[in-house]
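Protein chains in written order, with the numbering used here: chain A, 324 to 652; chain B, 314 to 611; chain C, 1137 to 1484. Here a beta-carbon is modelled for each residue, glycine too, at the ideal position from N, C-alpha and C. Report on the following structure.
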Amino acid sequence: MTAPLLEVRDLKVYFESERGRAQIVDGVSFSVEQGQALGLAGESGCGKTTTALAVMRLLGQGGQIAGGQILFNGEDVVQFDAERLRRFRWREVAIVFQGALNALNPVQRISNQIMEPMMWHEGLSAREAGLRAQELFELVGIERKRLTQYPHEFSGGMRQRAMIAMALACRPKLLIGDEPTTALDVMVQAQILDKLNQLRRELNLAMILITHDLALLRETCDRVAIMYAGKIAEYGRSDAVFANPQHPYTVKLLGASPDIHGDPEEARRVLTSTIPGHPPDLLDPPPGCRFHPRCELAFAPCHVTEPALITRGPDHVASCHLLENDTHG
Amino acid sequence: MIDVQHATVTGPLELPRRRLAEFWQAYRKNRRGVWGLGALLFLIAAALLSLFLPASFTHTGAVADILQPPNWRHWLGTDELGRDVLALVATGARTSLLIGITASLISVIVGTVIGVSAGYYGGWIDEILMRITDIFLVLPWLVLMLTLAALLGPSLFNIIVVIGLTGWTGTARIVRSQTLSIKERPFVERSVALGAGDLYIIWHHILPNVFSLIFANTVLVIAVTILSETSLSFLGMGDPLRVSWGSMLYHAFDSGAAALGAHWYLLPPGICVVVAVMAFTFVGQALDEVLNPRVKRS
Amino acid sequence: MGDTLLRVKDLRVHFPATRSWQEALHGERPVIRSVDGINLEIKRGEIFCLVGESGCGKSTTGKAILRLVTPTTGEIYYQGQSLYQLTRSAFRPYRRRLQMIFQDPFSSLDPAQTIQEIVAEGLAVHGLYPGRRERRDRVLQALDEAGLRPAKTFLHRYPHELSGGQRQRVVIAGALILEPEFIVADEPVSALDLSVRAEIIQLLLQLREKRGLTFLFITHDLALAKLIGDRLAVMYLGKIMETGTAASIIDQPLNPYTKALVSVIPSLHPVSPEQRLLLQGEIPNPRHIPAGCRFHPRCPVAQQEKCEVLEPPLELKQDDRYVACHLVPRPEGYVTPGIWEKRSRGTS
C-alpha cells in the first residue's frame, strides 16, 4: 500500500490570548491518500477549520503549532522554512473558503486574480497564464468570456467555481474546501460538488472537505473524521461511521440531522434526545473525556482519563471508554 | 459563551458599572485622550475656582497698576484697567466653557432631531431637511453669525442661540447616516412586528444606538463652539459685560496693549483657547475611537 | 388540524428595481416580481412549511402576512378578516396574535437593550401589565418557557453575552409573551449549530402542542421541512410549484422542479447517481422571469408548445396535492381547476 499523501500526526494548535492559552486542536491524527476525499465534521469551535489552516501553515496571529507533524509526501510541513513554504502553498496544497466574495479582490478582474499565482509560482508568461486560465474556467464550468468580469458580476455559485479554478491553477495535489458550499442554494451546491467529484477523478486530486453537513460528507467523502472540542471523536470510512456510529457524540449529531429520505416520525422521536449544555471553553477544558459533561452515558473513567482511539472495524476508530471492553459495535 | 450555571445574578446596576470600568480601560489606552481629559478637568477647575475669587481681583485697579508685566502680586501681570490677568483668564474660562457647552447642546439637539427625522422617515422629509442642511453648510458661518449677532445684539443669551443654531449641520449628517444604517437592522423590523410605532422605535432603538456616536460628536462640537465664541468676541460682538478669552483678546488689541508689546496680556487667553480646543478635540477623538460601533467589537 | 386560520389569496409583491441607463432611455420601469401570485391556506394548529431556494419569495411572503412589506395586490385573510383592509391602528391588535421569529439571532436583538427590556418590549408597546413587578414576572415566565433557565440570570444580560441558540430563545420568549396564535418562523435555525438546531426545533414542536400554535415555517432545508412540516409548499421565482402533505411531496414529488430538488439533496441513504436530476444553470435573475412556466428553461422535460407559452395554474392533481405543471395529468373526470373553487364547495 502506498504511503498516504498527507499524514497528520498528533497535531496540536494553541491560541494565546490575554485570557490564557486555548487548546483549539489537541492531538489530532488523520491521513489522506491521493485521489481520496476526507471529511472533517463537527460543530463550530471544534477545531476543524484551524486544522485545515494548520496544514497550509496559514494560522496567522496568535495561533501556534505547538506539537505534532504534518507529513506531506513524507516531508514535515511544520519544519518548512519560508522559501519551502512558498513553494508548498498553492502548488502542492490549495484551499477554497466559504465566502468567496471575501476572498476575491473586488476591484480586480477575475482573469488577473487567476493569472497572478500562475505567473508568480510557475513563472508562466502572461499569454501562457491566460490560456491556462481559460482551460481552468472550462474545467470548472464557467463560460470563458466571463474571465474579464469583476467578482460582483458573478453569482454566488459562479464565484465559488472561480475560487476552485484559482485553487487548481498551479495543479496542487491536495485541495482543502472549508465549507465551500454552505452558503449556496441546494441545486448550486449539488452542481459544485458534482464538479469537484469529477475533478477529483480526472486529476486524481486528494480532498479535505470541512462541513457540518453530515449527509454531504456521506455522499462526497470516502472517509470522515468527527471532531469535538479539538479532538477526534470518531474516524474512519464514511459508510462505516454513519451506518454504525460508535461515539455517543456522533450518535447525537446524526440524530440532530434530519434526513431527506428518512422517516419523519422516527426523526422526530430521535430529535427529542438532544445534547444538553454547550461545547466546552477551550481555555479550560474539562478533565478526562471532553465530551463527558454532556454525555448521559458517562461513567467513572470519563471524568478522569482521556479515552484513546479504539478500533471498531477495519477502518473505523472511536475514542470512548464505553468501547474499551466491548469487542463489537 | 456564558456558562449559565455558574453565573451570578447580576443586579440592574452591576452591568452599567462593569461597562463603565470596561470603557475606562479602553479609553486609558488613548494617550492623547487622557491628556485632553486632564487638561479639560484643569480648565473646569479653574473656571469653578474663579467663582470664589475675591472681588478685588477683577475690579479696576489704580492707574499705577495698568499693564504691569508679570510680578509677584500679579502672576500674569495686569490689563489696561489694572485687573489681574490670571483672574481674568480664569473668569474667561467660565464664560467660554459655559457658552461652549450650552451652545453645543443646542446644536447637538437640533442636529439630532433633524438627522433622525431625515434618516428614519426618508422620502420628502429627508429631501427637505437635507436641502436645509446644505444651505446652512454653504453659508459662510462667520458671516452668518456676525449678521445674526449684529441683528440680535450682543448678549450672552444671543451668542449662545446664534452659535447653537448654526453649528448643527455636522451632527445632523452623522446622525442621519447612522440612523439609516440602524433602521435596516433586523431588530428594528422585529419591533415593527411587535407593534411599535415610529416614535417608540426612534426613542427606544434608534437613539440609544446613536447615542455614543452623538456623545463623541458633541465633544468635538464643543471645541468648534469655543472657537466660534472666541471669534465673535474677538471681533467685538461678544457680551460686553462678560469676560471671555475672546473679549480679552479684543480688548488687548483695542486698548493698544498689543501694540505696546504686552505679551502677558495677549498670550494667556490665546494659549487657553488653543489648549481648550485641543483638549476637547483629543477627548472627542478618543471617545469616537472607543465608542464607535464600526470599530467596536463585542 | 382545525379550520382555516390564514388564507393568502393571489398575493403579489413587486419591488421597483433600480434601472440601468439603457432601461431609462427606453422608458422602462423594471420590476422585481418577488412574489408573483400565490395562494395558500394554513389550518389552525398545523406547521406549514414554505420551502424554496434563494430569491423564490418565501421570506417576502412571510413578511407580507405580518404587514412588514406592502403587497402590490392580493389579500390576506386571518380568521376570515382581510388584514389589508384594516387601517394601521385597526391592525395593531393583530400584531399580538401574529408574531415572527427571525433568521439571524445575532442581529435581531437590539445590542443596546437588556434581555429583560427586549422580551418586555411587546408588553410595553401594547401597554399590557403596566406594573413593574408584574411585567418582570411575565418576562421570567416567557424566558423559562423558551428554555432559558434559570430565567433570573438572563434578565440583566446583553445580547452579545449570549450564544446563538440562547439569543434565538430570547426572540421566541419575546414572541410568546404576547400569547400569539400564529407564528411566522423565517429560517429560525439556519444560522445555528446542528445540536442547537435540534433543541430549537424541539422547542417549537413543544410550543405547538402546549399552546396550540400555528406555524408558517420558512426554510430552504427540505429535510427539515419533511421532519417538522405537516404540509408544505415549494416556491420558485415567486410562484408555488407544488403544495400538499409534507412527507408525500418529498417522497413522491410530482412537479419536475421539486423532483430535481429532492433528488440532489444529500442523504445518509444515498440514491444512485442516475436518480439525481442535476439541473443546469442557476436561478434566473428575478428581473427577467421567463415567459410561460418560469421553470421551463431549466426543466428537463419541458415541452415547447405548452411550457414556453402558458403559465401552468396550481391545480389539484392527486389527493391533497396541488401542482403547477402542464405535464402532470389531472385526475380522471376532474373538471374545475383552481385551488379556491374546490375549497369554496365546503370541503374544509
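- Taking a beta-carbon distance threshold of 8 Å, residue 1442 of chain C does not count as an interface residue toward chain A.
- Looking at the backbone, the Cα of residue 610 of chain A and that of residue 420 of chain B are separated by about 60 Å.
- Annotation: Cβ neighbours of residue 1405 of chain C in chain A (cutoff 8 Å, chain order): 582, 584 and 585.
- Residues of the same chain with a CB within less than 7 Å of the CB of residue 1230 of chain C, apart from the 5 flanking positions on each side, are 1214 and 1219 in chain order.
- Secondary structure note for residue 523 of chain B: its alpha helix (DSSP H) is the uninterrupted segment 520 to 547.
- In terms of Cα proximity to residue 483 of chain B, the closest of B/473, B/331 and B/537 is B/537.
- Identification of chain B residues near residue 1235 of chain C by a Cβ-Cβ cut-off of 9 Å yields 506 and 507, ordered along the chain.
- Residues of the segment 500 to 513 of chain A with a C-beta atom less than 9 Å from some C-beta of chain C are 507, 508, 509, 510, 511, 512 and 513, listed in chain order.
- Beta-bridge analysis with DSSP links residue 1179 of chain C to C/1140.
- Annotation: residue 577 of chain B to residue 383 of chain B spans about 7 Å, alpha carbon to alpha carbon.
- Looking from the CA of residue 503 of chain A, the closest CA among A/334, A/522, A/346 and A/479 belongs to A/479.
- Bridge partners of residue 1172 of chain C according to DSSP: C/1148.
- Note on residue 331 of chain B: under 16 other CB atoms within 10 angstroms of its CB, so exposed under the neighbour-count rule.
- Listed along chain C, no residue sits closer than 8 Å to residue 433 of chain B by beta-carbon distance, the nearest being about 15 Å off.
- Taking C-beta atoms under 8 Å as the contact rule, residue 1334 of chain C and residue 1308 of chain C fail to qualify, at a distance of about 15 Å.
- Residue burial is scored here from C-beta neighbours: residue 1243 of chain C has at least 16 other C-beta atoms within 10 angstroms and is therefore classed as buried.
- Chain C places no beta carbon closer than 8 Å to that of residue 331 of chain B, leaving this residue out of the contacts.
- Boundaries of the alpha helix (DSSP H) around residue 563 of chain B: 558 to 567.
- Rounded to whole angstroms, the gap between the alpha carbons of residue 1351 of chain C and residue 512 of chain B is 30 Å.
- In terms of Cβ geometry, residue 1362 of chain C and residue 1383 of chain C form a close pair [threshold 8 Å].
- Counting along the chain, residue 400 of chain B sits inside the alpha helix (DSSP H) bounded by residues 398 to 434.
- Per the C-alpha coordinates, the member of C/1324, C/1454, C/1182 and C/1223 positioned closest to residue 1139 of chain C is C/1182.
- Annotation: residue 1252 of chain C is outside any beta strand (DSSP E); the continuous alpha helix (DSSP H) that includes it extends over 1251 to 1262.
- Closest in alpha carbon position to residue 405 of chain B, among B/601, B/584, B/449 and B/436, is B/584.
- For residue 478 of chain A, the residues of chain C that pass the 7 Å Cβ criterion are 1418, in the order they occur in the chain.
- With 16 or more neighbouring CB atoms inside 10 Å of its own CB, residue 517 of chain B falls in the buried class.
- Neighbours of residue 490 of chain A in chain C, taken as residues whose beta carbon is under 9 Å from its own, are absent, since the nearest beta carbon is some 21 Å off.
- Residues 537 of the same chain have their beta carbon placed closer than 6 Å to that of residue 580 of chain A, with the five preceding and five following residues left out of the count.
- In terms of beta-carbon proximity, residue 1163 of chain C stays away from the interface with chain B, with every pair separated by 8 Å or more.
- Contact check for residue 490 of chain A against residue 497 of chain A fails: the beta carbons are separated by 8 Å or more.
- Rounded to the nearest angstrom, the Cβ distance from residue 589 of chain B to residue 579 of chain B is 17 Å, too far for a contact under 8 Å.
- No Cβ of chain C is located within less than 8 Å of the beta carbon of residue 615 of chain A.
- Here residue 1432 of chain C is buried. Its C-beta has 16 or more other C-beta atoms within 10 Å.
- The count of Cβ pairs closer than 8 Å, one atom from the segment 630 to 650 of chain A and one from the segment 356 to 369 of chain A, stays below three, leaving the stretches out of contact.
- Around residue 597 of chain A, the beta-carbon contacts reaching into chain C at under 7 Å are 1331, 1334, 1335 and 1338.
- Taking each of A/622, A/621, A/618 and A/612 in turn and checking the Cα distance to residue 628 of chain A, the smallest one comes out for A/612.
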